[in-house]
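These notes concern the structure reproduced below.
In our numbering, the protein residues as written are 9 to 123.
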């Protein structure tokens, strides 16, 4: 799955861009968040200690404009540090976060389809 997406990014990036209205924007967003679980809205249970976790999220965004057409997609990989890596072929941490296509018929009318 990841290989197909990377190949798709390179194919779209290799498309010839002759007009000034055409553009391709690629972005990467990486965020890390630390959490302390010491009981939420209540006291922590007796005999239980506080838990620390660190969560990372990486997003790859791609926005492509061609004349009246705009394509956008965003893929995300979210993981908890120290979590065992999955040996299964299906990775549940990797998701298609957002994908849509928009066609601008007139300056005031457009059709947008996607997730």
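Ideal Cβ positions, reconstructed from N, Cα and C, are used throughout, including at glycine. From a predicted model like this one, the values you see are computed outputs, not experimental measurements.
Coil, strand or helix - residue i by DSSP
{"i": "residue 121", "result": "strand"}
{"i": "residue 27", "result": "Residue placement at residue 27 is flagged as unreliable, the pLDDT there being 42, under the threshold of 50; the coordinate-derived value follows with that caveat. In the structure shown, residue 27 sits in coil (DSSP, three-state: anything other than H, G, I, E or B)."}
{"i": "residue 10", "result": "helix"}
{"i": "residue 79", "result": "strand"}
{"i": "residue 103", "result": "strand"}
{"i": "residue 68", "result": "strand"}
{"i": "residue 110", "result": "strand"}
{"i": "residue 34", "result": "strand"}
{"i": "residue 51", "result": "coil"}
Among the options, nearest to residue i - alpha-carbon criterion
{"i": "residue 11", "options": "83, 56 and 117", "result": "83"}
{"i": "residue 35", "options": "43, 104, 117 and 70", "result": "70"}
{"i": "residue 68", "options": "80, 74 and 76", "result": "80"}
{"i": "residue 74", "options": "120, 122, 32 and 55", "result": "32"}
{"i": "residue 76", "options": "111, 59, 37 and 60", "result": "111"}
{"i": "residue 56", "options": "45, 101, 115 and 62", "result": "45"}
6 Å Cβ shell around residue i - same chain, five flanking residues per side excluded
{"i": "residue 39", "result": "65"}
{"i": "residue 103", "result": "84"}
{"i": "residue 27", "result": "Only weak support exists for where residue 27 lies, its pLDDT of 42 falling under 50; the coordinates are left without a value."}
Residues of its chain near residue i, where Cβ-Cβ distance is below 7 Å and the 5 sequence neighbours each way are ignored
{"i": "residue 105", "result": "67, 82, 83 and 84"}
{"i": "residue 120", "result": "108 and 110"}
{"i": "residue 122", "result": "107, 108 and 109"}
{"i": "residue 47", "result": "none"}
Anticipated Cβ contact below 8 Å, residue i with residue j, distance rounded
{"i": "residue 60", "j": "residue 86", "result": "Not really, about 18 Å apart at Cβ, beyond 8 Å."}
Per DSSP, the bridge partner or partners of residue i
{"i": "residue 42", "result": "62"}
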